[in-house]
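With my numbering, the residue at position 84 of the sequence shown is 79, and numbering never jumps. Idealized CB from N, CA, C, for every residue including glycine. First comes the structure, then the notes that go with it.
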Amino acid sequence: MTGVTVNGRALAFDVDPGMPLLWALRDVANLTGTKYGCGNGDCGACTVIVDGAAQRACQLTLAACEGRAVTTIEGLSRDRSHPVQQAMVAEQAIQCGFCTPGIVMNAAALLARNANPDEATIKAAITNLCRCGVHPRLVRAIQRAAAVVRRESTIDAAPMPGGAGRIPALAPAPQSPPSGDVP
Ligand code: FES
Ligand code: FES
């Protein structure tokens, strides 16, 4: 068993400890929001947050994550209200959607350690590949999200899919879901 806290839940993975974290998240824990792009550590589609730092999940083994705290896109917010998520929509910084979870996680980790990044800092941190050329919009979105994190601004939230209302962008808060085992 490999014990990893995922999105605030203590999970025990009964699989080869050498399995990449990305596989464990997607195929064992059924957290498919984290995407498999290149598998080589290049694209960033698999980015999750491990102990507060953005990490490529395809490049980490489960064993390397033993006892650590992993946050995936599913755990970033329960209602898509994280400022990065709302700002990405507001600035139309999403094209394919496949690379987006990794970009959001990388940006969220950046803003958690630096709530006022300049353009150069953002470009240096967000190394995720995007073939669509959304990077100028990404910079605007991340700076807009940063203003929300600093509580200097708000975002007129996008409607939820299915017309279920609007969720305002909120500064992130700690989570404490119950513990449980992965079968
Ligand atoms: S799938 Fe991990 S960096 Fe591309
Ligand atoms: S938005 Fe996903 S590759 Fe460009």
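Proximity of the segment 17 to 27 to the segment 74 to 93 falls short of the contact definition, fewer than three beta-carbon pairs being nearer than 8 Å. The C-alpha of Ala58 lies about 21 Å from the C-alpha of Asp37. Restricting attention to Asp151, Asp11, Arg139, the CA atom closest to the CA of Met(-4) is found in Asp11.
Beyond the five residues adjoining it in sequence on each side, Asn2 comes within less than 8 Å, by CB distance, of Leu26, Val65, Thr66, Thr67, Glu69, Gly70, Gln170, Pro172 in the same chain, given in chain order. By the Cβ-count criterion, Ala103 is buried, with 16 or more other Cβ atoms from all chains shown falling within 10 Å of its own Cβ. Per DSSP, reduced to three states, the secondary structure at Thr66 is strand.
Spatial neighbours of Asp46 in its own chain (CB-CB distance under 7 Å, excluding positions within 5 residues in sequence) are listed in chain order as Arg63, Ala64. Secondary structure in the segment 17 to 76: the alpha helix (DSSP H) runs of 4 residues or longer, each lying completely within the stretch, are 68 to 71 in chain order. Per DSSP, reduced to three states, the secondary structure at Pro15 is strand. When the Cα atoms are used, Glu147 and Asn111 turn out to be separated by approximately 11 Å. Each of Asn109, Cys60, Leu55 was checked against the Cα of Thr0, and the nearest Cα belongs to Cys60.
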